[in-house]
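Peer 1: When the sequence shown is numbered by the working numbering, its final residue is 460 and no position is left out of the sequence of numbers.
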Amino acid sequence: MDLEAAGGVFTDPKAYADEKRFHAATALLRRESPVHRVESAKYPPFWAITRYDDVMEISRDSEVWHNAPRTTVHQNPDSPQAPVRTLVQMDAPDHLVYRHISADWFKPAGVRKLSGRIAELAKRYVDRLADLGGECDFFTDVAAHYPLYVILSLLGMPEEDFPRMLKLTQELFGAEDADLARDASDEAAALALLDFFQYFQGLIANRRENPTDDLASVIANSTIEGDPIGELEAVGYYVLIATAGHDTTSAAISGGLHALLTNPEQWRRLSADPSLVPTAV
């Protein structure tokens, strides 16, 4: 494998499913080209940073390295870009100001307020496994739903809207995936984001008129330097919370189950001593 082929793993979806190939490529880049410019026929050029110290240096220096305007590798650089600005596109000092709005809700005390709901949803999906007769697609039937539904419960959204949010999330992040995309157009992701925007506009209006004890109300009624948060900024906040994290958590849950199934002695150990579960997770 040469450096060009190694850099190509970042734009090849199949590479992410080939653990040996991906790790061999990134190991080569770390040794020989840790700051590597990736050229691709399908994507605009970008830099791949593969050493930990370099990643940390870039992450800490927002004066030199910016999060905006390009936060993802777009297949078509001329595709319409979303007007919604989220924490992902922000640098200091804005990032800290906006992050502070929801910070308390993700601290241990804030999460404990939702512990009953988290346990209720977990039990529901354990029961679903039993109802499926002992055989299922764990990711599709359980893992794709549970983390998202916990996050949407934190926002205080009605449960009847949860399936719609899952579909929109999959369309937004799977716009280049034929199995998930709404259609094959360059506008697929933008259309999904527009649906998010229209839905969350209604949520903002509702929570401003009838605030409740949930994160959606906190965001809708927050202020930035003394002024009410703008509608676009509030929508961006909702989209970020509704979509960020649950996909990786879904993969982690599935990977955890796979690890236990391939290491049955660890499964038996956890089953025999539930006190080990917190550190296992």
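Beta carbons: idealized from backbone N, C-alpha and C, even for Gly.
Name the residue from Arg307, Val329, Leu266, Met269 whose alpha carbon lies nearest to the alpha carbon of Lys292.
Peer 2: On the sequence shown, position 113 is the one that residue 292 refers to. Here the closest residue by C-alpha is Val329.
Peer 1: Check for me: the beta strand (DSSP E) holding Val217 runs from which residue to which?
Peer 2: By one-based count along the sequence shown, residue 217 stands at place 38. Residues 214-217.
Peer 1: Should Ile432 be listed as close to the ligand MG, given that the test is whether its C-beta is under 7 angstroms from any heavy atom?
Peer 2: For the ligand MG, the structure offers nothing, since it holds no ligand at all.
Peer 1: Taking Phe352 as part of the alpha helix (DSSP H), name the residues at either end of that continuous run.
Peer 2: Residue 352 sits at position 173 when you count from the first residue of the sequence shown. Residues 341-352.
Peer 1: Among the candidates Ala301, Arg239, Thr422, whose CA atom is the shortest distance from the CA of Pro272?
Peer 2: The residue given as residue 272 occupies position 93 in the sequence shown. When each option's Cα is compared against that of Pro272, the closest is Arg239.
Peer 1: Who are the Cβ neighbours of Glu218 in its own chain at under 6 angstroms, not counting the five residues just before and after it?
Peer 2: Looking up residue 218 in the sequence shown gives position 39. Closer than 6 angstroms at the Cβ level, and outside the excluded window around Glu218, lie Pro224.
Peer 1: According to DSSP, what are the bridge partners of Thr402?
Peer 2: The count along the sequence shown starts at 1 and reaches residue 402 at position 223. Thr402 is bridged to Pro407.
Peer 1: For Asp197, which three-state DSSP category applies?
Peer 2: The residue given as residue 197 occupies position 18 in the sequence shown. Coil.
Peer 1: Report the rounded CA-to-CA distance for Glu410 versus Gly381, giving the unit in angstroms.
Peer 2: By one-based count along the sequence shown, residue 410 stands at place 231. By one-based count along the sequence shown, residue 381 stands at place 202. If you take the alpha carbons of Glu410 and Gly381, they lie about 11 angstroms apart.
Peer 1: Is Ala413 near Ala399, with beta carbons less than 8 angstroms apart?
Peer 2: Counting from one through the sequence shown, the residue named residue 413 turns up at place 234. Counting from one through the sequence shown, the residue named residue 399 turns up at place 220. Yes, Cβ-Cβ distance for Ala413 and Ala399 is below 8 angstroms.
Peer 1: With 16 other CB atoms within 10 Å as the buried threshold, where does Met235 fall?
Peer 2: Here the question's residue 235 lines up with position 56 in the sequence shown. Exposed.
Peer 1: Would the stretch 317-329 and the stretch 426-441 be scored as touching if the rule is three or more Cβ pairs under 8 angstroms?
Peer 2: These segments touch.
Peer 1: Would you call Met180 buried or exposed, if buried means 16 or more other Cβ atoms sit within 10 Å of its Cβ?
Peer 2: On the sequence shown, residue 180 is found 1 positions in, with the first residue counted as 1. Exposed.
Peer 1: If you follow the alpha helix (DSSP H) that Ala123 is part of, which residue opens it and which one closes it?
Peer 2: The first residue shown for the chain is 180 and the last is 460, placing residue 123 beyond what the model contains.
Peer 1: For the alpha helix (DSSP H) holding Ala288, just list the boundary residues, first then last.
Peer 2: By one-based count along the sequence shown, residue 288 stands at place 109. Counting along the chain, the alpha helix (DSSP H) containing Ala288 begins and ends at 287-291.
Peer 1: According to DSSP, simplified to helix, strand and coil, what is Ala227?
Peer 2: Walking along the sequence shown from the start, residue 227 turns up at place 48. Three-state result, Ala227: strand.
Peer 1: What residues in its chain sit with their C-beta under 6 angstroms from that of Ala363, if we drop five residues either side in the sequence?
Peer 2: As a first step, residue 363 is located in the sequence shown; it is residue number 184 there, counting from the start. Caution is warranted here: a pLDDT of 49 is assigned to Ala363, below 50, making its placement in the model unreliable, and the coordinate value is therefore given only provisionally. There are no such residues.
Peer 1: For Ala430, tell me which candidate among Asn385, Asp406, Val321 has the shortest Cα-Cα distance.
Peer 2: For this step, residue 430 is matched to residue 251 along the sequence shown. It is Val321.
Peer 1: What residue range does the alpha helix (DSSP H) around Thr458 cover?
Peer 2: Position 279 of the sequence shown holds residue 458. Thr458 -> alpha helix (DSSP H) spans 456-459.
Peer 1: Considering only residues of the same chain and omitting the five flanking positions on each side of Ala137, which have a CB-CB separation below 6 angstroms?
Peer 2: Nothing about residue 137 can be reported from this structure: the residues present for the chain run from 180 to 460 only.
Peer 1: Quick one: is Thr441 buried, meaning 16 or more other Cβ sit within 10 Å of its Cβ, or exposed?
Peer 2: The residue given as residue 441 occupies position 262 in the sequence shown. Under this definition Thr441 is an exposed residue.
Peer 1: For Leu266 and Tyr417, I'd like the C-alpha separation in whole angstroms.
Peer 2: Taking the first residue of the sequence shown as position 1, residue 266 is located at position 87. Taking the first residue of the sequence shown as position 1, residue 417 is located at position 238. Their Cα atoms are separated by approximately 11 angstroms.
Peer 1: Taking the alpha-carbon positions, what's the Leu275 to Ile297 distance?
Peer 2: Looking up residue 275 in the sequence shown gives position 96. Looking up residue 297 in the sequence shown gives position 118. Each residue's alpha carbon lies about 28 angstroms from the other.
Peer 1: Return the residue from the list Leu419, Ile403, Ile408 that minimises the CA-CA distance to Leu372.
Peer 2: For this step, residue 372 is matched to residue 193 along the sequence shown. If we check each option's Cα against that of Leu372, Leu419 comes out closest.
Peer 1: Kindly indicate which residue of Asp306, Gly335, Gln377 has the alpha-carbon position closest to the one of Ser396.
Peer 2: What you label residue 396 is simply residue 217 of the sequence shown in a count that begins at 1. Checked all of Asp306, Gly335, Gln377; the closest Cα to Ser396 is Gly335.
Peer 1: Check for me: the alpha helix (DSSP H) holding Gly186 runs from which residue to which?
Peer 2: One-based indexing of the sequence shown puts residue 186 at position 7. 182-186 is the extent of the alpha helix (DSSP H) around Gly186.
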